[in-house]
Amino acid sequence: MRLDIDNIPSATQISKLGLWGSYSIPQDNPYSEDEDLQPEIWALGLRNPWRCSFDAERSSYFFCGDVGQDLFEEVDLITKGGNYGWRAYEGPYIFNATQSPGGNTSLTSINPIFPIFGYNHSEVNKNEGSASITGGYFYRSNTDPCTYGRYLFGDLYAGAIWAATEDPVNSGNFSTSKIPFSCAHDSPLRCESVPGTSLSALGYIFSFGEDNNKDVYILASSGVYRVVRPSRCNYACSLENATTTTSPTPSPSSPSHANRWSNYSGYLFLQFSSFLLLLLGFM
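With UniProt numbering, the residue at position 32 of the sequence shown is 32, and numbering never jumps.
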């Protein structure tokens, strides 16, 4: 949905148009004058969007993690009036619903926008029990220059973080990689590890956040994690000691709706906090 909370409708408008009193409908909403659909709707065909965010450098990049049914977890680039396929499709796959409350939607009756990237449950279920994607943020802080410009996301049950990199910029072609992580050497609080590994025990990954400095945080059942300088986690980033950090030129354009995802290797570093700060790093 897309609402206008800054312009409250008058009593006459509420009565005449049947509007709610706490918000109004933006005039450029795609269905603002469609009697068959609610005027608040901005996009269709999403099953269970879980955490959406704008790229701070490109306002046209509005990404949502959308939780799948049994097969596929996806990240979608949300556009005005876009239809993302559910329940005709689950991700890029045809979905055969066992029940159809509200009627069936034929595949030929819609023009679905497929995920910008995502993953099959089977790719991570064997060892991690993937069940629910958690959408994140494009990393735009200068704290870790080797992570700059990548989209970070996770899975509620996997205890894992992924980074998606677009190449070339604005193409819609993303490659993704799962990123190992560990505590920083100067963490003021003890950080528990997964038995038999150096990975920090995140537990359930509920959400991501971003502060005014564009530092990214992860809210997990074991605490709150923040991206820090790579050297604090004993990782090497060739850009960390550079006198200046070059950022990609912001662009207002949207990417093409490519449906390709592949492995990508990179570096990512986190800090862990639970009221007091603990430090964590990705490699």
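A virtual CB, placed ideally from N, CA and C, is assigned to each residue, including glycine.
Helix, strand or coil: how does DSSP classify residue i here?
| i | result |
| --- | --- |
| valine 124 | helix |
| leucine 107 | helix |
| proline 30 | coil |
| residue 297 | The first residue shown for the chain is 1 and the last is 283, placing residue 297 beyond what the model contains. |
| serine 100 | coil |
| arginine 2 | coil |
| serine 231 | helix |
| glycine 118 | strand |
| asparagine 83 | strand |
| glutamate 40 | coil |
| alanine 242 | coil |
| isoleucine 8 | coil |
| arginine 51 | strand |
| phenylalanine 95 | coil |
| glutamate 90 | strand |
| threonine 143 | coil |
| threonine 176 | strand |
| serine 22 | coil |
With a Cβ-Cβ cutoff of 8 Å, do residue i and residue j count as a contact?
| i | j | result |
| --- | --- | --- |
| isoleucine 133 | valine 67 | yes |
| serine 200 | serine 207 | no |
| serine 151 | phenylalanine 138 | A small fix is needed here, since residue 151 is tyrosine in this sequence, not serine. A contact, by the Cβ cut-off of 8 Å. |
| glycine 65 | glycine 172 | no |
| isoleucine 116 | phenylalanine 174 | yes |
| alanine 56 | isoleucine 78 | no |
| glutamate 35 | methionine 1 | no |
| glutamate 73 | aspartate 155 | yes |
| cysteine 233 | alanine 184 | yes |
| tyrosine 235 | serine 221 | no |
| glycine 85 | glycine 129 | no |
| proline 9 | glycine 18 | no |
| arginine 47 | glutamine 69 | yes |
| threonine 105 | alanine 131 | no |
When burial is assigned at 16 or more other CB atoms within 10 Å of the CB, is residue i buried or exposed?
| i | result |
| --- | --- |
| aspartate 76 | buried |
| threonine 197 | exposed |
| alanine 164 | buried |
| threonine 98 | exposed |
| arginine 190 | exposed |
| proline 230 | buried |
| serine 15 | exposed |
| alanine 158 | buried |
| glycine 91 | buried |
| leucine 107 | exposed |
| alanine 11 | exposed |
| leucine 37 | exposed |
| leucine 202 | buried |
| glycine 102 | exposed |
| isoleucine 94 | exposed |
Where do the N-terminal and C-terminal ends of the alpha helix (DSSP H) with residue i fall, by residue?
| i | result |
| --- | --- |
| threonine 12 | 11-17 |
Along the chain, where does the beta strand (DSSP E) that runs through residue i open and close?
| i | result |
| --- | --- |
| phenylalanine 181 | 181-183 |
| glycine 65 | 58-66 |
| isoleucine 161 | 161-166 |
| arginine 226 | 223-226 |
| isoleucine 133 | 133-138 |
| alanine 220 | 216-220 |
| isoleucine 205 | 205-210 |
| glycine 154 | 151-155 |
| leucine 77 | 72-77 |
With a threshold of 8 Å between beta-carbons, can residue i be considered close to chain B, or not?
| i | result |
| --- | --- |
| serine 182 | Considering every chain present, this structure includes no chain B. It has just one protein chain. |
Can you find at least 3 beta carbon pairs, one from the region 143-150 and one from the region 25-44, that sit closer than 8 Å?
Using a C-beta cut-off of 8 Å, the region 143-150 makes no contact with the region 25-44, since fewer than three inter-stretch Cβ pairs fall below that distance.
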